[in-house]
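Read the structure below first, then the notes.
Residue numbers (this note's numbering): 1 to 256.
Here is the structure:
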């Protein structure tokens with residue numbers, strides 16, 4: 001049996017969030033030829049945490065959660081406060097690093113992107129400083145959860161870079177992205193209906209699904225423009241070499 005058939009479930013069964021997933025269990029190949037599987041309990045990706053229950057938070061504590069990175073805009077945070085903000089839960093840091101997705105971040109009142117790849121490209125090209133701050137925040141011991149609203153776009157680009165650093169293949173990065181479609185279909189349908197009402201015109205369905213082709217294009221753009229996740233983070237975002245090394249080692253299970 002392939003070891004991947006026996007890995008733990010990646011999705012966390014929380015009552016108050018549909019799309020919180022562990023980045024553990026993906027096969028990787030390091031530049032020196034070392035093979036392995038990404039570590040469970042190091043990094044979690046997710047959607048809005050607003051409705052987490054006390055039992056959900058207790059479960060996350062059991063997993064070793066020490067930090068939450070919220071990349072939603074100030075508008076989103078005002079509308080839907082994160083339960084970990086303002087030190088509400090001792091021992092779990094909350095860090096807010098606003099990133100824009102051209103949809104949720106503006107209350108769906110800004111110019112709508114033609115496709116989600118346009119947003120992913122902009123995040124890479126224009127939000128390099130925010131991306132540096134995110135990776136600096138990922139550099140800590142214990143479990144870190146990073147999230148946006150649906151856990152698809154901003155969170156998806158961060159996960160692409162994080163898994164790419166570890167040496168996870170593009171096909172697995174795309175599959176990780178596409179899983180959002182399985183868990184968030186109803187939520188994204190509601191988002192599209194809301195956007196249509198606000199803008200008074202039909203919003204492309206493609207913006208509210210996790211179409212694997214969008215992430216395939218993002219992976220290809222990253223490689224063509226920057227070379228690799230490592231080169232992007234070092235040369236474009238300016239992340240310190242030691243930070244990259246520790247984050248990579250933690251995801252590969254070489255650091256606790």
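The beta carbon of each residue, even a glycine, is placed where N, CA and C say it ideally should be.
Asked: Give a yes or no on contact between the stretch 130–140 and the stretch 223–243, applying the rule of three or more CB pairs nearer than 8 Å.; Found: yes
Asked: Under the three-state reduction of DSSP, which class applies to residue 46: helix, strand or coil?; Found: strand
Asked: On the three-state DSSP scale, how would you describe residue 16?; Found: coil
Asked: Just reading off the beta strand (DSSP E) that residue 95 is part of, what are its end residues?; Found: 93–96
Asked: In this structure, how does DSSP classify residue 68 when only helix, strand and coil are distinguished?; Found: strand
Asked: Between 41, 169, 46 and 177, which has its C-alpha nearest residue 63's C-alpha?; Found: 41
Asked: Which residues does DSSP list as the beta-bridge partners of residue 143?; Found: 65
Asked: Specify, as a first and last residue, the run of the beta strand (DSSP E) that residue 27 falls within.; Found: 27–29
Asked: Can you check whether the CB of residue 98 is closer than 8 Å to the CB of residue 132?; Found: no
Asked: Going by DSSP, what residues sit across from residue 168 in a beta bridge?; Found: 28
Asked: Would residue 49 pass as a contact of residue 27 if the rule is Cβ separation under 8 Å?; Found: no
Asked: Please identify the residue among 77, 167 and 44 whose C-alpha is closest to the C-alpha of residue 61.; Found: 44
Asked: In whole angstroms, give me the CA-to-CA distance for residue 226 and residue 55.; Found: 42 Å
Asked: Hey, quick one: how far does the alpha helix (DSSP H) through residue 36 stretch, first residue to last?; Found: Not the alpha helix (DSSP H): residue 36 falls in the beta strand (DSSP E), residues 35–37.
Asked: Output the distance between the C-alpha atoms of residue 21 and residue 46, rounded to the nearest integer angstrom.; Found: 6 Å
Asked: To the nearest angstrom, how far is it from the Cα of residue 230 to the Cα of residue 254?; Found: 18 Å
Asked: Looking at C-alpha atoms only, which residue of 30, 25, 76 and 16 is the closest neighbour of residue 249?; Found: 30
Asked: Can you name, in chain order, every residue of its own chain whose Cβ lies under 8 Å from the Cβ of residue 244, other than the five neighbours on each side?; Found: 135, 165, 230, 233 and 234
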